[in-house]
Every structure is written in structure tokens, then in C-alpha cells.
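K.L.:
Sequential numbering from 24 applies to the sequence shown in my numbering.
Ideal Cβ placement from N, Cα and C applies to all residues, glycine included.
Just so we're clear, the structure is a prediction, and the values are computed from it rather than from any experiment.
I have a structure here, written as C-alpha cells, and I will follow up with some questions on it.
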Amino acid sequence: MERITAEETTKNHQLDRINIFKLIILVFHIVGIVGMSIPSIRPYFQLLTPFHLLLCTGLLLVFHKGWNVNFLIFSLLAFGIGFGAEVIGVHTQLLFGGYSYGSVLGVKVFEVPLMIGVNWFLLVYLSAEIFEGRIRNWLVAAILGALVMVIMDFLIEPVAVSLDFWAWEGGQIPLSNYTSWFIVALVIQLIYGKLEFRKKNPLALFLLLNLIVFFGILNVVLS
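As C-alpha cells, then:
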């Protein structure tokens, strides 16, 4: 009986931690929506964008349990492939089209903010996790995960342009952006699917939904 009670106590403590972190995520995104919606304080919230990205990633990793070499490999490849594709895209216009990054996202290397690599890692992790254990075929799961990322990019693009995260030549988002985004995302999703590490995270779906609502509302507010 004592053993059962101890296990229940531990489980309840874990649920309390999860709920606290979910509340932090929810409040942070509500405050972000309000801040980005008020022109007089919007510049200050724009400067907080890198912090927002790091906070989301950090909170997610608190509940990640699969810390092993494979996860490290995935993390480095997700960051590296995503960042590398952006460097190629910015300098050659071959992948996503003609675009350039503003100063909002922080420190740049080869004209690409380092936060973009973090963003690729975060979006792949979130979109892949929602199909983990639900779709048995890893190839189908990777394709679905990449499609979710395209949907996310579709929501992010207008907001990012409005907030000076990046700018497109001619002011138009080309179709090549979405096709290349899907291809790069699919490559990283396939890597995620093939590498063995514990992939269930109790914050992933909640965080993804918050991001969808966040960018969805800002699309309306900033249009």
C-alpha cells in the first residue's frame, strides 16, 4: 500500500509540473498576442522573439526523456540541415526564393539568424511527436509531419514579414518557399523517424496548438 501511495504521489507531482508548465506556455502566448497587437509596445515584443523561441524549446526539453546519443544526433542534424538550407536559400535563392533576414531574430551567421536553426529543431520535434505511436508507418508519419510544418509555415510567413523577421523580394511569398520547406522538413522528419530515442513529450501537442493559435490570431490582427 505504501508503495502504491508513493507511486501515486510521484505521478500526481509530475502532473502538477506538467500543468504548471502548460500554464506558463499559455500565459506567455496570451501576453505575446496582446503585446504584438498594440503598435506602441510592439517593438519591445519583437525584440523578445528570440527569448520566446528559446523559452518554448527549453520548456519542451524539460520533459524530454529520451536523452541519448541518437537524440543528440537528431538535434544537431535538425539544427544543421535547417540552418544550412536557409544559408543556401539566402545566398543563392535556389531553395525558398529571394529573401533576407531582418535584425529581430538576433545574431546572424552567414546572414542567417542562429535562432532559425533552433526554430527548425523545434518545429520538427513538435510536428513529428504528434504522430509518434499513432502512425505505425514511419514514412507516412514523416510525410504527415512535414505537411504539418508546411501548414505552420503558411501561418508564420505573413506574421514574420509584418514583424520584420524576414522580407521577400517583390513582397510576394513564392510557391517554391513551401515546396522547398516541405522537402527540407521531410528530410529531417525521416531522420527523426529512423533514430531510436524516447519520443513522447507531454508538452509537445499543447505547445504546438499554442503556436498555431498564436500565429493564427496575429495573422488577423496584423493584416
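Is Lys223 helix, strand or coil when you go by DSSP?
P.N.:
coil
K.L.:
Cβ of Ile111 within 9 Å of Cβ of Leu128?
P.N.:
no
K.L.:
Over the uninterrupted beta strand (DSSP E) stretch that includes Ser123, give me the two end residues.
P.N.:
122–124
K.L.:
My output table needs one value for Trp90: the three-state DSSP class, helix, strand or coil.
P.N.:
coil
K.L.:
Rounded to a whole number of angstroms, what is the C-alpha to C-alpha distance between Leu100 and Ile211?
P.N.:
7 Å
K.L.:
Can you name, in chain order, every residue of its own chain whose Cβ lies under 8 Å from the Cβ of Leu178, other than the five neighbours on each side?
P.N.:
Ile235, Phe238, Gly239, Asn242
K.L.:
Out of Ile61, Ala169, Val171, Phe97, point me to the one whose CA is closest to Lys217's CA.
P.N.:
Taking each of Ile61, Ala169, Val171, Phe97 in turn and checking the Cα distance to Lys217, the smallest one comes out for Phe97.
K.L.:
Of the residues Gly81, Ala183, Ser199, Glu109, which one's Cα is nearest the Cα of Leu149?
P.N.:
Gly81
K.L.:
When burial is assigned at 16 or more other CB atoms within 10 Å of the CB, is Gly105 buried or exposed?
P.N.:
buried
K.L.:
Measure the C-alpha to C-alpha separation of Asp39 and Lys131 and round it to an integer number of angstroms.
P.N.:
38 Å
K.L.:
Could you check how far apart the C-beta atoms of Ser203 and Leu245 are, in whole angstroms? I think they sit under 8 Å.
P.N.:
Not really, about 25 Å apart at Cβ, beyond 8 Å.
K.L.:
Between the alpha carbons of Ile166 and Asn160, how many angstroms are there, rounded?
P.N.:
10 Å
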